[in-house]
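**Q** Converting from the sequence shown to this note's numbering requires adding 21 to each position, the first position being numbered 1.
Where a beta carbon is used, it is the ideal one built from N, C-alpha and C, also for glycine.
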Amino acid sequence: MGWIEILGYAASGAVFVTFWMKTLVPLRLIAIVGNFLFLGYGINADLGNIVLLHAALLPLNSLRLVQAMQLRKRLHQMAHADFDPRALFPFMTEVEKSAGDYIFKRGDAALDIYYLVQGRAKFEELGVGIGPGELIGEIAMFAPDKNRTQSVVCETDCKLMKISEPQTLQLYADNPEFGLYITKMMVARLLENAKRAAA
């Protein structure tokens, strides 16, 4: 077996290994190694179609590797940074409530998430106050039955912004910052409720 044939088998082996990769960065790295091996094999074996294919795939795999590494870095930064919910305002609808009005009641369908811009509200059953800058109702939207588990009533006149379930799910899928923010908010709220229940 000549060295050119060995090079061809090595290149084929690299392609096989890519199918075992579970994460993008190692997959792209092995794919790039395979591209180089196939280029060497194609050039030395005078296989123009192999050379053409892997000459095209090499920059594509290199680009995807850079993008995957940038995404990994971005997600790491986002996991340790705060997301400003006001960035969602273009996707939200303004709602005004008077003192004594319910934003939603326990058992209602969770059709929207609210952001409190002005005023004070409280979780009625818990007696816990909510001030400006708080998201309200995010947990129930991701619950299996999608029903509100608490009632929220306005203590003063309130100005809110709301975003619907379809828009929320679309943003969750398209915007990693929003997805991480919602996840962190839900975990913080659940931990807070657990502490309160244990007290």
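So the beta strand (DSSP E) Gly182 belongs to, where does it begin and stop?
**A** The sequence shown places Met at residue 182, rather than the Gly named in the question. From DSSP, the beta strand (DSSP E) with Met182 extends over 179 to 185.
**Q** Using 8 Å as the threshold, is the segment 135 to 149 in touch with the segment 171 to 186, meaning 3 or more CB pairs across them?
**A** Segments in contact, yes.
**Q** My output table needs one value for Asn171: the three-state DSSP class, helix, strand or coil.
**A** Per the sequence presented here, residue 171 reads as Gln, with Asn not at that position. Note: Gln171 maps to coil in three-state DSSP.
**Q** Have a look at the DSSP bridge pairing and note the partners of Val149.
**A** Phe144
**Q** Can you give me the C-alpha to C-alpha distance between Gly34 and Val54, rounded to a whole angstrom?
**A** 10 Å
**Q** Would you report the Cα separation of Ile160 and Ser185, rounded to the nearest angstrom?
**A** 14 Å
**Q** Would Ala209 and Asn168 qualify as a contact pair, given that the criterion is a beta-carbon distance under 9 Å?
**A** For Ala209 and Asn168, no; Cβs fall outside 9 Å.
**Q** Please state the DSSP three-state secondary structure of Asp133.
**A** Residue state, collapsed to three classes: strand.
**Q** Could you name the residues that DSSP lists as bridge partners for Ile157?
**A** Tyr135
**Q** Evaluate Arg93 with the Cβ neighbour count: other Cβ atoms within 10 Å of its Cβ, from every protein chain shown; 16 or more gives buried, anything less gives exposed.
**A** exposed
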